[in-house]
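Residue numbers (the numbering used here): 9 to 408. Single-structure report; data block below.
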């Protein structure tokens, strides 16, 4: 299999695993980002001057996984009626987003169309094109034109479902890639979420396939450390949509277990009391911290945790390192790991405290859970497994 990879933003990405191609829209794309970021920064400064607001953001409201799941269910039901047309309706779209989308469709999308026309005329042996998480609403009409002109199927992969979907309101980070998009022009969608398939179909996707996250077991392998000097460790950024579990699995147990060494590495986690904040270094430091920890916490945001089998990277990374994992309730986690054997799930602060104390006092069972989790990864969840699954999906549509 030969892969040609071109970035939607920024310079070409060199790799041993694919042939790097240039971004045909790099200069206008860079200018677009500069103008957008400058405008947003100016507007924020203006709002602060007018309102007297500070940089400090208010603490998000606390919502349990069940509360977010109920809200998601209600919004999905409304969405089935609301998003019935081929073009995803634009709801409460901020003026800047509307302007950005129009600018991208006017100046960026035509450059990509010319790029694909030239490429596919020069090299006629491409079997399929996969667009990876580039904004769909920036490229409306591109997939349809490629398939009509060149007879090559175009698939779209969204690895951020359900957080990327319209009824999630984009989190605070600005996911709004579906507003104004036409999902029906793609031969198929590939998603990291089994439960998200129904949602993508409601938005107009013709076919939906699931490709879960995986892990490189050589990169995320158990490390030899001098000692496991951390009892419980969590790595992550922000409390958004998981603040209830940050408190229930870290702050409250830390107060109840003064004998245990709790540590976190990340930002915007709020006041956790007597929990140690480890230095924020490179991402690779995660491996050392995780292997130094007797228990590793997996606290998944409510959007992913409440939509069936919505994969995220952290469970696979921790399992690959042979970590003993304790997770918040995560709908569909049994799809990847066996609860009670390869991962432990707690539903309240009290359950978390009981589980922590048990595991910290039973070394053999704790280590066995980590070994079983890594064994499961090696059998089913490596990047090689995912590559094979991706090829099986693509072959269903590839030009023969």
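Glycine included, C-beta positions come from ideal geometry on N, C-alpha and C. Remember, predicted model here, so these are calculated numbers, not experimental data.
Range of the contiguous beta strand (DSSP E) that encloses residue i
i           : result
residue 271 : 270 to 273
residue 243 : 238 to 243
residue 197 : 196 to 199
residue 372 : Run containing residue 372: none in the beta strand (DSSP E); it sits in the alpha helix (DSSP H), 371 to 388.
residue 217 : 216 to 218
residue 335 : 333 to 335
Coil, strand or helix - residue i by DSSP
i           : result
residue 308 : coil
residue 258 : helix
residue 90  : Reliability of the predicted coordinates at residue 90 is poor, the pLDDT of 48 falling under 50, and no value is obtained from them.
residue 347 : strand
residue 115 : helix
residue 135 : coil
residue 248 : coil
residue 105 : helix
residue 10  : coil
residue 160 : coil
residue 191 : helix
residue 165 : strand
residue 140 : strand
residue 284 : strand
residue 43  : helix
residue 148 : coil
residue 223 : strand
residue 124 : helix
residue 303 : strand
residue 229 : coil
residue 318 : strand
Limits of the unbroken alpha helix (DSSP H) element including residue i
i           : result
residue 357 : 357 to 368
residue 391 : 391 to 403
residue 297 : 293 to 299
residue 325 : 321 to 328
residue 207 : 204 to 210
Same chain only: Cβ atoms within 7 Å of residue i, ignoring 5 sequence neighbours per side
i           : result
residue 397 : 219
residue 30  : 14 and 20
residue 347 : 341 and 353
residue 391 : 222, 223 and 224
residue 28  : 13, 20, 21 and 22
residue 151 : 162, 193 and 194
residue 64  : Confidence is the limiting factor: at residue 64 the pLDDT is only 43, short of 50, which leaves the residue's position unreliable and the question unanswerable from this model.
residue 26  : 11, 12 and 13
residue 326 : 298, 304, 306 and 333
residue 386 : 225
Burial state of residue i, where buried means 16 or more other Cβ atoms lie within 10 Å
i           : result
residue 404 : exposed
residue 210 : buried
residue 132 : exposed
residue 241 : buried
residue 159 : exposed
residue 110 : exposed
residue 228 : buried
residue 187 : buried
residue 324 : buried
residue 154 : buried
residue 33  : buried
residue 103 : exposed
residue 87  : With a pLDDT of only 48 at residue 87, under the threshold of 50, the placement of this residue in the model should not be trusted; the figure read from the coordinates follows. Classification for residue 87: buried.
residue 370 : exposed
residue 41  : exposed
For residue i, the nearest candidate out of the options (CA to CA)
i           : options               : result
residue 401 : 136, 145, 328 and 12  : 136
residue 295 : 318, 9 and 232        : 232
residue 165 : 190, 200, 362 and 185 : 200
residue 298 : 382, 360 and 332      : 332
residue 389 : 351, 345 and 371      : 345
residue 336 : 329, 138 and 358      : 358
residue 202 : 217, 189 and 213      : 217
residue 145 : 190, 129, 170 and 122 : 190
residue 139 : 46, 120, 265 and 58   : 120
residue 245 : 235, 288, 125 and 105 : 288
residue 293 : 278, 302 and 274      : 274
residue 266 : 399, 114, 365 and 371 : 365
residue 226 : 328, 118 and 35       : 328
residue 377 : 114, 349, 35 and 176  : 349
residue 141 : 123, 167, 117 and 126 : 167
residue 316 : 300, 343, 330 and 304 : 343
residue 18  : 9, 24 and 36          : 36
residue 143 : 236, 184 and 171      : 184
residue 314 : 338, 300 and 330      : 338
Same chain only: Cβ atoms within 6 Å of residue i, ignoring 5 sequence neighbours per side
i           : result
residue 282 : 262
residue 173 : 207
residue 157 : none
residue 197 : 164, 208, 213 and 216
8 Å Cβ shell around residue i - same chain, five flanking residues per side excluded
i           : result
residue 360 : 256, 257, 260, 261, 334 and 354
residue 321 : 221 and 223
residue 406 : 135, 136 and 161
Residue i Cβ short of 7 Å to the ligand MG heavy atom set
i           : result
residue 378 : Of the ligands one can find in the structure shown there are none, so the ligand MG has no counterpart to examine.
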